[in-house]
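Residue numbering for the sequence shown follows the working numbering, starting at 20 and increasing by one per position.
Just so it is clear, CB atoms sit at the ideal spot from N, CA and C, and this is done for glycine as well.
See structure below.
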Amino acid sequence: MRSPWTRRRMTARPRPAPTAPNEEEGVPAVTSQSRTDRTMAHRLEFGLNEWVVDEQRQRYLHDPGSVDQTWRDFFASPASLTGRQGRTAMATGGDDGDEAAFKAVRVAALIHGYRVRGHLMAATDPLMSSLTSQTAAGHPELDIAAFGLHDVDREEKFVVDGFAGHVAMTLQDVLDGLQELYCRTVGFQYMHIQDAHERRWIQQRIEGPQRRPDRAEQLQILYRLGAAEAFETFLQTKYVGHKRYSLEGGESAIVLLDALLLRAIEEGVGEAVIGMAHRGRLNVLANIIGKSYAQIFHEFEDAVDIRSVQGSGDVKYHLGAEGTYRALQGGTIAVSVVANPSHLEIVGPVAQGVVRAKQDLAGDRGQRFPVLPVVIHGDAAFAGQGVVAETLNMSQLPGYRTGGTVHVIINNQVGFTTTPANGRSSTYATDVARSVEAPIFHVNGDDPEAVARVAQLAFDYRQAFHKDVVIDLVCYRRHGHSEVDDPSITQPMMYDRIDAKASVRRLYAEALVCRGDVGEQQVEGAHRNYQEHLERAFAETRALPASDAVEDLRSGDAEERAAHRQAVTAIDEATARHVIASQTDLPRDFTVHPRVLPQLQRRTAMLDTGAIDWATAETLAMGSLLLEGVPVRLAGQDSRRGTFGQRHAVLTDRRTGAEHTPLNTLGPRAQGFAPYDSMLSELAALGFEYGYSLARPDALVLWEAQFGDFANGAQTVVDEYISSSEQKWGQRSAVTLLLPHGLEGQGPDHSSARIERFLQLCAQDNMTVALPSLPSNYFHLLRQQGLRDHTRPLIVFTPKSMLRTKAATSTLAEFTHGGFRPVIPDHTVDPARVRRVLLCSGKVFYDLDAHRHSSGLSDTAIVRVERLYPFPEEELAAELSRFPAGVDVRWVQEEPENQGAWFFVGPRLHRLGDRVLGCVSRPEAPAPAVGSARRHAMEQKALVTSAFH
Numbered sequence: 020m021r022s023p024w025t026r027r028r029m030t031a032r033p034r035p036a037p038t039a040p041n042e043e044e045g046v047p048a049v050t051s052q053s054r055t056d057r058t059m060a061h062r063l064e065f066g067l068n069e070w071v072v073d074e075q076r077q078r079y080l081h082d083p084g085s086v087d088q089t090w091r092d093f094f095a096s097p098a099s100l101t102g103r104q105g106r107t108a109m110a111t112g113g114d115d116g117d118e119a120a121f122k123a124v125r126v127a128a129l130i131h132g133y134r135v136r137g138h139l140m141a142a143t144d145p146l147m148s149s150l151t152s153q154t155a156a157g158h159p160e161l162d163i164a165a166f167g168l169h170d171v172d173r174e175e176k177f178v179v180d181g182f183a184g185h186v187a188m189t190l191q192d193v194l195d196g197l198q199e200l201y202c203r204t205v206g207f208q209y210m211h212i213q214d215a216h217e218r219r220w221i222q223q224r225i226e227g228p229q230r231r232p233d234r235a236e237q238l239q240i241l242y243r244l245g246a247a248e249a250f251e252t253f254l255q256t257k258y259v260g261h262k263r264y265s266l267e268g269g270e271s272a273i274v275l276l277d278a279l280l281l282r283a284i285e286e287g288v289g290e291a292v293i294g295m296a297h298r299g300r301l302n303v304l305a306n307i308i309g310k311s312y313a314q315i316f317h318e319f320e321d322a323v324d325i326r327s328v329q330g331s332g333d334v335k336y337h338l339g340a341e342g343t344y345r346a347l348q349g350g351t352i353a354v355s356v357v358a359n360p361s362h363l364e365i366v367g368p369v370a371q372g373v374v375r376a377k378q379d380l381a382g383d384r385g386q387r388f389p390v391l392p393v394v395i396h397g398d399a400a401f402a403g404q405g406v407v408a409e410t411l412n413m414s415q416l417p418g419y420r421t422g423g424t425v426h427v428i429i430n431n432q433v434g435f436t437t438t439p440a441n442g443r444s445s446t447y448a449t450d451v452a453r454s455v456e457a458p459i460f461h462v463n464g465d466d467p468e469a470v471a472r473v474a475q476l477a478f479d480y481r482q483a484f485h486k487d488v489v490i491d492l493v494c495y496r497r498h499g500h501s502e503v504d505d506p507s508i509t510q511p512m513m514y515d516r517i518d519a520k521a522s523v524r525r526l527y528a529e530a531l532v533c534r535g536d537v538g539e540q541q542v543e544g545a546h547r548n549y550q551e552h553l554e555r556a557f558a559e560t561r562a563l564p565a566s567d568a569v570e571d572l573r574s575g576d577a578e579e580r581a582a583h584r585q586a587v588t589a590i591d592e593a594t595a596r597h598v599i600a601s602q603t604d605l606p607r608d609f610t611v612h613p614r615v616l617p618q619l620q621r622r623t624a625m626l627d628t629g630a631i632d633w634a635t636a637e638t639l640a641m642g643s644l645l646l647e648g649v650p651v652r653l654a655g656q657d658s659r660r661g662t663f664g665q666r667h668a669v670l671t672d673r674r675t676g677a678e679h680t681p682l683n684t685l686g687p688r689a690q691g692f693a694p695y696d697s698m699l700s701e702l703a704a705l706g707f708e709y710g711y712s713l714a715r716p717d718a719l720v721l722w723e724a725q726f727g728d729f730a731n732g733a734q735t736v737v738d739e740y741i742s743s744s745e746q747k748w749g750q751r752s753a754v755t756l757l758l759p760h761g762l763e764g765q766g767p768d769h770s771s772a773r774i775e776r777f778l779q780l781c782a783q784d785n786m787t788v789a790l791p792s793l794p795s796n797y798f799h800l801l802r803q804q805g806l807r808d809h810t811r812p813l814i815v816f817t818p819k820s821m822l823r824t825k826a827a828t829s830t831l832a833e834f835t836h837g838g839f840r841p842v843i844p845d846h847t848v849d850p851a852r853v854r855r856v857l858l859c860s861g862k863v864f865y866d867l868d869a870h871r872h873s874s875g876l877s878d879t880a881i882v883r884v885e886r887l888y889p890f891p892e893e894e895l896a897a898e899l900s901r902f903p904a905g906v907d908v909r910w911v912q913e914e915p916e917n918q919g920a921w922f923f924v925g926p927r928l929h930r931l932g933d934r935v936l937g938c939v940s941r942p943e944a945p946a947p948a949v950g951s952a953r954r955h956a957m958e959q960k961a962l963v964t965s966a967f968h
């Protein structure tokens with residue numbers, strides 16, 4: 020009998036099936052139309068497929084309605100719940116009707132088994148063999164004998180209740196259908212999804228009628244493959260020895276993006292943002308973004324204008340770009356690639372932040388998600404780097420949702436030289452995505468039609484459920500990791516196969532010609548025309564003048580800095596009172612926690628008592644910015660309440676659990692305040708906020724570490740983006756980091772925000788680093804950042820114990836007059852009598868000041884340096900000039916001498932004159948602080964005392 024699944028197709032011989040992982044299988048989506056007699060339980064003998072029965076039994080016991088009628092009928096028999104031993108003992112007796120009904124259950128289990136395990140048999144590896152029409156080899160758990168079925172049953176017809184659109188089918192047709200749908204060049208992993216509606220949605224699209232691409236679509240696929248291949252071949256020929264991280268072997272990625280963006284255009288999505296590492300980046304820039312070939316070739320000539328908006332301080336395969344994708348069928352969509360460094364997967368959360376900001380700018384509130392995020396990964400990186408799991412985890416969180424990301428893994432089946440056996444413990448590189456129940460589509464890169472199909476399916480899933488989806492594009496890397504190494508040294512057999520392989524374009528072209536869809540001359544003519552186009556672009560590149568200009572990217576910023584210093588950050592008293600009134604003007608039926616209400620009430624009293632604390636100062640800064648049209652986004656671990664119970668930006672009703680955000684009640688003039696408690700992450704969380712700040716230059720974007728020490732976990736974002744992105748890529752950000760800092764006896768991991776690390780990264784006015792000691796100065800600093808006439812990151816080392824230090828308060832006048840003071844002079848002593856000047860930052864000032872007063876010393880001035888970078892040399896020189904020549908000038912810090920600010924400020928203090936300089940600090944130490952509170956107190960007392968001697 021001829022199978023209804025026989026058709027013209029491209030298929031591949033499968034790789035050997037690995038042992039199946041333990042997964043959540045889901046439930047069968049087919050049911051028997053006739054009720055199964057309960058005596059069927061006495062005929063059960065499932066053998067190897069007991070995992071199917073066990074899974075369904077557990078679901079039935081938990082919720083009978085969660086399994087299909089066939090299974091409910093079966094499990095309704097008490098005997099069926101006694102386990103395998105009981106079933107085997109009772110597998111006797113029954114009539115032919117019982118046997119027929121039982122076989123129907125076995126066929127249903129077989130279909131279910133393929134839905135769960137079929138991907139293990141799919142022919143997704145293009146290196147195993149050329150595409151053939153051979154049937155996929157078997158898997159022991161999917162053999163019909165494992166389901167109690169036999170060859171004699173193949174021609175028997177069974178009720179399948181809708182499988183692949185049929186009511187009843189012969190067993191042979193069922194098998195043919197299962198192998199065609201689940202075991203060809205696409206392996207579908209979706210049965211781990213808990214939501215039955217999502218599983219059925221995917222199942223219907225896999226098992227429904229499959230439309231074969233028409234001639235126009237085939238020619239489009241061929242054109243995209245030709246463009247991708249010609250681009251790489253041209254670069255390989257013209258720029259031998261250059262690193263370019265080519266897409267050769269994975270050219271179907273261009274087909275995938277083409278199909279994905281075409282669907283986005285059809286569905287009215289306005290923009291797509293792509294994050295990707297190196298592999299294929301230049302090809303995507305040229306063939307998707309629309310970056311001119313001449314410009315790319317010009318970069319290979321090392322003739323780059325550093326004033327280019329694309330950035331010029333980095334290698335070409337790190338650069339980002341913006342452009343317009345133009346579909347061959349018509350229609351366009353704005354598309355961009357985010358710049359990123361060689362820390363491969365770190366671009367993921369950055370791209371998510373960019374997308375979320377663009378969606379917020381569009382006024383989207385989680386309904387349309389009009390910007391499509393696409394993140395392209397390498398297989399080794401996706402499996403190996405923890406930031407992937409962090410970014411996946413944030414995908415459904417309120418502060419981070421972007422409506423679902425299409426993840427594309429360009430699976431070269433090898434890292435630089437590391438094989439999967441040495442690079443991951445999981446069966447697939449994609450297994451981490453199962454943590455968020457993302458559907459995963461493994462597709463053979465040598466079947467571009469299948470690639471286009473899964474791209475469309477992935478987009479449709481994203482649109483339907485606003486969740487992440489993963490496409491595992493299984494391909495290979497034709498050359499070494501960076502084209503300059505020899506991969507056969509470590510993967511000789513793999514590269515023997517690769518060397519013998521024709522390209523995917525040639526394979527597809529041959530298949531089209533064989534089928535009579537297009538002529539061979541048409542195929543070769545299109546490819547030749549494209550090569551001629553690249554040759555013309557190369558000639559034009561040679562004719563362009565080289566640019567050897569080198570200039571300081573900060574050279575034009577002097578006026579910006581001057582405007583920054585002159586920004587008006589004071590507010591009037593009426594504004595201050597309006598903002599603070601929101602803290603106690605609560606909904607009538609809202610019950611504030613009894614421990615929180617007094618704090619809110621004290622904020623009102625502080626305006627009159629003249630003792631405004633840090634939390635109130637911050638509230639005034641954010642509220643006044645909102646009233647001036649500046650949106651404020653604050654995210655961090657427990658940031659809504661505040662790690663130290665000080666902020667209470669969001670209140671929770673003591674009785675109902677309802678939430679209330681006071682600053683969002685300031686009135687129609689105010690912009691939105693968006694405070695979020697983040698997941699327990701620093702790396703992905705800060706990467707997201709950095710990306711958000713790129714697309715929202717109008718907003719004050721703040722990320723707060725629970726303790727400043729924890730920013731260690733986000734050091735890659737600080738090093739690769741916050742400190743250097745402007746120099747490398749011309750990419751400006753005004754993200755603000757709030758890092759609680761201060762040595763207070765809490766041990767090595769809750770003391771230091773590593774001031775020294777940030778200062779080491781400071782140069783060319785790349786960011787602002789401050790350690791304020793007054794709430795009013797913190798207030799002006801935040802407003803200065805929100806009302807900026809420049810765009811620079813701001814690093815603020817915020818207080819812990821100072822949050823409630825009575826001496827660390829400000830009067831209302833300090834908010835309604837003046838501005839941020841980089842240096843706070845000491846006007847409490849007579850300059851003429853001063854013999855010693857202590858310079859310090861932050862909390863240690865209050866310890867020094869207390870000792871001075873208790874000791875009755877009047878010959879020591881204590882000057883606070885509130886901004887460490889840009890270092891306030893002019894302001895500090897002016898303050899020091901008030902004191903007699905030759906005074907003893909000392910830098911005092913709580914941190915060990917090899918940490919903190921000393922190594923940064925010391926050389927700068929020497930430039931101010933020939934004064935006697937020294938550092939008073941804890942001794943050098945490898946850890947930031949000691950672990951004993953008692954020992955800390957002794958050290959602190961000794962440090963303060965020595966500063967005055």
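Report back the beta-carbon spacing between residue i and residue j to the nearest angstrom; my notes put them in contact at under 8 Å.
{"i": "Glu701", "j": "Ala730", "result": "6 Å"}
{"i": "Val433", "j": "Arg496", "result": "7 Å"}
{"i": "Thr879", "j": "Arg855", "result": "5 Å"}
{"i": "Glu894", "j": "Pro841", "result": "5 Å"}
{"i": "Val462", "j": "Ala469", "result": "5 Å"}
{"i": "Gly269", "j": "Cys533", "result": "Not quite, the Cβ-Cβ distance comes to about 24 Å (not below 8 Å), so this is no contact."}
Bridge partners for residue i per DSSP, in chain order?
{"i": "Thr560", "result": "Paired residue(s): none; Thr560 is not in a bridge."}
{"i": "Cys938", "result": "Trp910"}
{"i": "Gly342", "result": "Val354"}
{"i": "Thr859", "result": "The amino acid at residue 859 is misidentified as Thr; the sequence shows Cys. Bridge partners of Cys859: Arg883."}
{"i": "Ser829", "result": "Ile631"}
{"i": "Glu678", "result": "Thr671"}
{"i": "Leu161", "result": "Looking at the DSSP assignment, Leu161 forms no beta bridge with any residue, so it has no partner."}
{"i": "Phe692", "result": "Val651"}
Can you list, in chain order, the residues of its chain whose CB lies under 8 Å from that of residue i, leaving out five sequence neighbours each side?
{"i": "Asp738", "result": "Leu780"}
{"i": "Asp849", "result": "Ser877"}
For residue i, which residues in the same chain have their Cβ closer than 7 Å to its Cβ, ignoring the five residues on either side in sequence?
{"i": "Glu551", "result": "none"}
Leaving out the 5 sequence neighbours to the left and right, which residues in its chain are closer than 6 Å to residue i when beta-carbon positions are compared?
{"i": "Ala568", "result": "Annotation note: pLDDT 38 at Ala568 (below 50); position unreliable, coordinate value reported separately. Same-chain partners within the cutoff: there are none."}
{"i": "Leu793", "result": "Ser829"}
{"i": "Gln208", "result": "His138, Ile459"}
{"i": "Met821", "result": "Ala827, Lys862"}
{"i": "Phe253", "result": "Leu553"}
{"i": "Leu806", "result": "Ala586"}
{"i": "Arg580", "result": "Because Arg580 sits at a pLDDT of 47, beneath the cut-off of 50, its placement in the model cannot be relied upon, and the following sentence gives the value as read from the coordinates. So no residue of the chain qualifies."}
Exercise for the section: Counting only runs of 3+ residues fully inside the segment 442 to 508, write out the beta strand (DSSP E) ranges in chain order. Expected result: Runs of the beta strand (DSSP E) lying entirely within the segment 442 to 508 and spanning at least 3 residues, in chain order: 459 to 463, 488 to 493.
Problem - Contact between the segment 159 to 179 and the segment 223 to 242 (3+ Cβ pairs under 8 Å) - result: Flag = no, the segment 159 to 179 and the segment 223 to 242 do not touch.
Problem - Touch test, the segment 352 to 371 against the segment 406 to 421, Cβ-Cβ under 8 Å, three pairs minimum - result: The segment 352 to 371, when compared against the segment 406 to 421, does touch it at the 8 Å Cβ threshold.
Handout entry: Within the segment 883 to 916, ranges of the beta strand (DSSP E) (whole runs, at least 3 residues)
Key = Counting whole runs of 3 or more residues, the segment 883 to 916 contains the beta strand (DSSP E) stretches 886 to 888, 907 to 915.
Handout entry: Completely contained alpha helix (DSSP H) runs for the segment 781 to 827, where each covers 4 or more residues
Key = List check, alpha helix (DSSP H) in window: 794 to 805.
Exercise for the section: Count the CB pairs spanning the segment 390 to 405 and the segment 428 to 447 that are closer than 8 Å, and state whether there are at least three. Expected result: The segment 390 to 405 is in contact with the segment 428 to 447.
Practice task
Determine, using beta-carbon pairs with one atom in the segment 599 to 610 and one in the segment 754 to 772, whether at least three such pairs fall under 8 Å.
Solution key: The way I'd put it, the segment 599 to 610 doesn't touch the segment 754 to 772; fewer than three beta-carbon pairs between them come closer than 8 Å.
Practice task
Indicate whether the contact test is met: 3 or more Cβ pairs, each with one atom in the segment 291 to 300 and one in the segment 527 to 542, closer than 8 Å.
Solution key: Contact between the segment 291 to 300 and the segment 527 to 542 is absent, because fewer than three Cβ pairs lie under 8 Å.
Problem - Ordered list of beta strand (DSSP E) runs contained in the segment 366 to 402, each at least 3 residues - result: Counting only runs of 3 or more, we get 390 to 397.
Exercise for the section: Flag this pair as touching only if the segment 350 to 358 and the segment 273 to 284 have three or more C-beta atom pairs under 8 Å; answer yes or no. Expected result: These segments touch.
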